[in-house]
């Protein structure tokens with residue numbers, strides 16, 4: 011049983027067939043109601059190609075949640091249904107989008123795996139690198155996708171503030187094709203692009219995160235402040251470039267450094283997600299950013315004194 015929005019109100023429906031017949035749109039279920047999850051729901055709403063709901067395995071009692079989004083162009087408010095029975099929602103989803111913290115992916119995959127239909131496309135859109143390995147535990151590889159976004163937002167409970175809209179790349183984990191529901195998802199994202207080389211985009215974002223996130227968290231500063239210290243940017247990029255090369259990315263160190271500087275400038279007034287995690291005493295994704303790079307460096311015999319030091323500083327904070 012689920013609650014859905016229908017002509018501005020809510021009613022209950024038992025079947026996916028009835029749900030789709032009521033509005034004729036595919037149902038996108040989002041696991042993770044953080045900044046990116048809520049912003050993604052709002053972007054899907056604006057485009058109008060999906061009906062959306064959130065799934066939260068921690069919720070024990072059904073409830074409806076009023077969600078608001080302060081966009082760059084003005085205030086927009088909407089309502090959505092909060093999933094309570096994840097197995098039912100997972101079975102009924104036409105598209106499942108996972109936007110949790112990287113360290114939660116393993117638990118989410120474990121929870122949904124028994125209930126997921128073999129034909130349901132799954133999109134994993136998380137920070138860092140390595141969590142996609144958990145996605146491989148799902149058996150239907152031809153329906154598994156990865157996404158990397160430079161959209162930015164902050165949130166407090168169910169109010170999200172849009173900080174910037176960049177490019178969202180979507181691509182197959184392995185053999186998946188760009189089926190219609192994935193085309194709808196790509197069209198719903200501002201500057202959405204489907205690519206067969208999604209790992210390159212994930213590694214480029216990893217390079218950016220490996221610089222901006224740790225440095226801003228340690229210095230408790232906004233993104234733009236790292237531009238005042240080009241040496242730290244250069245030191246990190248110099249160490250991680252050969253690691254990324256071993257992982258299949260052929261971008262030059264100069265290209266990666268320019269990318270970091272561009273992102274820092276474009277998001278200058280923003281705080282990074284890791285800075286916010288440390289500021290509010292939350293668990294961070296450091297193991298999926300610097301941690302994974304250090305692990306790979308050990309495998310490849312690459313010395314990384316700079317990122318080793320940053321990693322230990324963050325672990326001790």
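Residue numbers (the numbering used here): 11 to 327.
For glycine and all other residues, C-beta sits at the position ideal for the given N, C-alpha and C.
Since we're looking at a predicted model, the values are computed, not measured.
Exercise for the section: Enumerate in chain order the residues of its own chain whose CB-to-CB distance from residue 320 is below 8 Å, with the five nearest sequence positions on each side excluded. Expected result: 224, 225, 228, 246, 300
Problem - Contact belief for residue 105 with residue 51 at Cβ below 8 Å, rounded distance in angstroms - result: With 8 Å as the limit, residue 105 and residue 51 do not qualify as a contact, their Cβ atoms being about 12 Å apart.
Problem - Boundaries (first-last residue) of the beta strand (DSSP E) holding residue 105 - result: 105-108
Problem - Whole runs of the alpha helix (DSSP H) within the region 128-153, excluding any shorter than 4 residues - result: 142-145
Practice task
Within its chain, find whatever has a CB closer than 6 Å to the CB of residue 133; leave out the 5 residues flanking it on each side and keep chain order.
Solution key: 107, 155, 157
Practice task
Classify residue 272 as buried or exposed, calling it buried when 16 or more other Cβ atoms lie within 10 Å of its own Cβ.
Solution key: exposed
Exercise for the section: Give the DSSP-derived three-state secondary structure of residue 38 in the structure shown. Expected result: In the three-state DSSP reduction, residue 38 falls in the strand class (E or B).
Exercise for the section: Less than 8 Å between the CB atoms is what I'm expecting for residue 211 and residue 314, so what's the real figure, rounded? Expected result: No, residue 211 and residue 314 are not in contact; Cβ-Cβ is about 23 Å, not under 8 Å.
Practice task
Pull up the distance between the alpha-carbon of residue 207 and that of residue 216, whole angstroms please.
Solution key: 15 Å
Exercise for the section: Let me know the secondary structure DSSP gives residue 301 once reduced to three states. Expected result: Residue 301: helix per DSSP, three-state reduction.
Practice task
For residue 11, count neighbouring C-beta atoms within 10 Å of its own C-beta (all shown protein chains included) and say buried if the count is 16 or more, exposed if not.
Solution key: With a pLDDT of only 34 at residue 11, under the threshold of 50, the placement of this residue in the model should not be trusted, and no figure is reported.
Problem - Endpoints, the alpha helix (DSSP H) within which residue 63 is located - result: It is not in any alpha helix (DSSP H) - residue 63 instead sits in the beta strand (DSSP E) that spans 61-65.
Exercise for the section: Could you pull the start and end residues of the alpha helix (DSSP H) that residue 196 belongs to? Expected result: Boundaries of the alpha helix (DSSP H) harbouring residue 196: 190-198, taken from the DSSP string.
Handout entry: Cα-Cα separation, residue 259 to residue 252
Key = 9 Å
Exercise for the section: Would you check if there are 3 or more beta carbon pairs closer than 8 Å linking the region 275-285 to the region 170-186? Expected result: They touch, by the three-pair rule.
Problem - Among 80, 77, 161, 221, the one whose alpha carbon lies nearest that of residue 109 - result: For the residues 80, 77, 161, 221, the minimum Cα distance to residue 109 belongs to 161.
Exercise for the section: Please list, in chain order, all residues of the same chain as residue 201 whose beta carbon is under 8 Å from its beta carbon, the five residues on each side excluded. Expected result: 175, 176, 177, 178
Problem - Three-way DSSP call (helix, strand, coil) for residue 78 in this model - result: strand
Practice task
Assign residue 322 to one of two classes, buried (16 or more other C-beta atoms within 10 Å of its C-beta) or exposed (fewer than that).
Solution key: exposed
Exercise for the section: Let me know the secondary structure DSSP gives residue 44 once reduced to three states. Expected result: coil
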